[in-house]
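Which chain is which? The protein sequence lines are A and B, in order.
Its first residue numbered 1, the first sequence is counted upward by one per residue in the numbering used here.
Its first residue numbered 80, the second sequence is counted upward by one per residue in the numbering used here.
Report on the following structure.
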Amino acid sequence: MRAKVYVTLKPGVLDPAGKAIERALHALGFEEAHDVRLGKYIELHVDGDATEAAGRLDDMCRKLLANGVIEDYRFEVGE
Amino acid sequence: MRWGVVTFPGSLDDADALHALEALGEPAVALWHKDRSLQGVDCVVLPGGFSYGDYLRAGALARFSPVMESVVGFAAAGGLVLGICNGFQVLCESGLLPGALIRNRSLSFICTTVHCRVEETDTPFTGAYGHAEVLALPIKHGEGCYVADPATLQALEDDRQVLLRYVDAAGRATEAANPNGSLRNIAGITNATRNVFGLMPHPEHACEALCGGVDGAGFFRSVRATLTDGLPTRTASVPPGL
Chain A
1 MRAKVYVTLK PGVLDPAGKA IERALHALGF EEAHDVRLGK YIELHVDGDA TEAAGRLDDM
61 CRKLLANGVI EDYRFEVGE
Chain B
80 MRWGVVTFPG SLDDADALHA LEALGEPAVA LWHKDRSLQG VDCVVLPGGF SYGDYLRAGA
140 LARFSPVMES VVGFAAAGGL VLGICNGFQV LCESGLLPGA LIRNRSLSFI CTTVHCRVEE
200 TDTPFTGAYG HAEVLALPIK HGEGCYVADP ATLQALEDDR QVLLRYVDAA GRATEAANPN
260 GSLRNIAGIT NATRNVFGLM PHPEHACEAL CGGVDGAGFF RSVRATLTDG LPTRTASVPP
320 GL
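Right, dumping it as structure tokens:
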């Protein structure tokens, strides 16, 4: 199964990179952009059926792909 | 007693840590990330650098190396573990210390000398220092901003686990003296059982006058004194709000 994992900073965790991007967007005239948060996007292939893969992905996220102290995660399992 | 300094792929300060220990007259051996044996050492040093290229997150991949399995067991059994800079990040990612280290507030890599205040002296790592002693220590990191949720921070303060804070030359923990945005100016913490210590400043680069100062030597001397003479007794904490 193809899987897509999205790792994002928890609300409230300082994101200086997101702030810097927001300032750059404003400097380019995109004044309407706010609350920029920079995260990670991970693609991978997982063996097994969708249910099995989802369980394993959750494990992967908790053990490695995301740091639960500062990050949230979600994932999509497709063909 | 004997020290062990771990080398991960991407470690930079392992040789410097071994050199500093040698300069202090301390016997030390190199430990390899693929080895499970800690060679019977009494204190493990996780050095600075960019273990595994800082891929994914700083310190995230080093925790799965064979040597870290042994270090986690060693710490659980009460063994002394000192994590410097990237070593601090590895300790947080391993769950041996609470919280996490994220990108500096400025987004810049910082390489400078800062002042730090020793908050507690009744630990194996800080017993050689005086009450609220202010040290000049080098820092060099891009991801040194210490964060934890409010409950964890409060628990760290209540249990006196914050051992080192960024301060100005007069010893005040001001916003201006905070180089990287760390919550509550935290530069170093210990675990609840006080046998694991992580700090962002580099004491191993401050052990010889030739390198600009010797304020870092006390951390190593403290460990030596603890293992020789026992744990130092408590002196008063730094008053809150300073």
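Note that the Cβ used here is the ideal one computed from N, Cα and C, for glycine as well.
All figures in this text were calculated on a predicted structure; none of them were measured in a lab.
Per DSSP, cross-strand counterpart(s) of residue i
i: K219 of chain B; result: B:C190
i: I181 of chain B; result: B:C224
i: G267 of chain B; result: B:L243, B:L278
i: V213 of chain B; result: B:R196
i: T86 of chain B; result: B:W111
i: A3 of chain A; result: A:L44, A:V77
i: L161 of chain B; result: B:V124, B:F276
i: E71 of chain A; result: A:L9
i: G292 of chain B; result: B:E287
Reference residue i; option with closest CA among the options
i: S144 of chain B; options: B:L159, B:E254, B:E283, B:L125; result: B:L125
i: V40 of chain B; options: B:Q240, B:L170, B:P280; result: What is shown of chain B runs 80 to 321, which leaves residue 40 of chain B out entirely.
i: A17 of chain A; options: B:P106, B:P88, B:G277, B:N183; result: B:N183
i: G297 of chain B; options: B:A285, B:S116, B:I268, B:G267; result: B:A285
i: K40 of chain A; options: A:A66, A:V46, A:G12; result: A:A66
i: P106 of chain B; options: B:H112, B:Q118, B:D114; result: B:Q118
i: N264 of chain B; options: B:D294, B:V226, B:A137, B:R115; result: B:V226
i: G174 of chain B; options: B:A154, B:E212, B:G158, B:V241; result: B:A154
i: M1 of chain A; options: A:D47, A:R62, A:G12; result: A:D47
i: H281 of chain B; options: B:P177, B:A271, B:A266, B:G178; result: B:A266
i: R136 of chain B; options: B:C122, B:I181, B:V151; result: B:I181
i: A217 of chain B; options: B:K113, B:Y245, B:D133; result: Correcting the residue type first, residue 217 of chain B is Pro in the shown sequence and not Ala. The candidate whose alpha carbon is nearest that of P217 of chain B is B:Y245.
i: D237 of chain B; options: B:A271, B:L100, B:L306, B:L91; result: B:A271
i: L9 of chain A; options: A:G68, A:F75, A:E76, A:A27; result: A:G68
i: V302 of chain B; options: B:N274, B:C290, B:H112; result: B:N274
i: A99 of chain B; options: B:G83, B:Q233, B:A211; result: B:G83
i: A141 of chain B; options: B:G291, B:K113, B:D121, B:G152; result: B:K113
i: I21 of chain A; options: A:P11, A:G29, A:E31, A:V36; result: A:V36
i: S90 of chain B; options: B:T200, B:D133, B:A304; result: B:D133
i: N259 of chain B; options: B:V151, B:S185, B:G152, B:S149; result: B:S185
First and last residue of the uninterrupted alpha helix (DSSP H) at residue i
i: A50 of chain A; result: 50-60
i: P229 of chain B; result: 229-237
i: R300 of chain B; result: 296-308
i: V151 of chain B; result: 145-155
i: D93 of chain B; result: 93-102
Inter-residue CB distance, residue i and residue j (contact presumed, cutoff 8 Å)
i: N365 of chain B; j: S130 of chain B; result: The structure shown does not extend to residue 365 of chain B, since chain B is modelled only from 80 to 321, so the question has no answer here.
i: L161 of chain B; j: F276 of chain B; result: 5 Å
i: G68 of chain B; j: E172 of chain B; result: As displayed, chain B neither begins before 80 nor continues past 321, which places residue 68 of chain B out of reach and without an answer.
i: V7 of chain A; j: Y73 of chain A; result: 5 Å
i: H194 of chain B; j: A256 of chain B; result: 7 Å
i: I268 of chain B; j: V241 of chain B; result: 6 Å
i: V85 of chain B; j: L103 of chain B; result: Their Cβ separation, rounded to whole angstroms, is 18 Å, which puts V85 of chain B and L103 of chain B out of contact at 8 Å.
i: E76 of chain A; j: A3 of chain A; result: 7 Å
i: R196 of chain B; j: G250 of chain B; result: 5 Å
i: E198 of chain B; j: L243 of chain B; result: 6 Å
i: C122 of chain B; j: L176 of chain B; result: Incorrect: roughly 16 Å between the Cβ atoms, too far for contact.
i: L278 of chain B; j: F167 of chain B; result: 6 Å
Delimiting residues of the beta strand (DSSP E) encompassing residue i
i: L122 of chain B; result: The amino acid at residue 122 of chain B is misidentified as Leu; the sequence shows Cys. Unbroken beta strand (DSSP E) run through C122 of chain B: 122-125.
i: L28 of chain A; result: L28 of chain A -> no beta strand (DSSP E), and no H or E assigned at all.
### Inter-stretch contact at 8 Å, needing at least 3 Cβ pairs: the region 216-231 of chain B / the region 187-201 of chain B
yes
### Message
Could you check whether the region 11-28 of chain A touches the region 55-65 of chain A, counting it as contact only if at least three pairs of C-beta atoms, one from each stretch, sit closer than 8 Å?
### Response
no
#### Entry: Stretch-stretch touch, CB-based, cutoff 8 Å, three pairs: the region 22-41 of chain A with the region 87-98 of chain B
no
### Query
Between the region 197-211 of chain B and the region 297-310 of chain B, do three or more beta carbon pairs fall short of 8 Å?
yes
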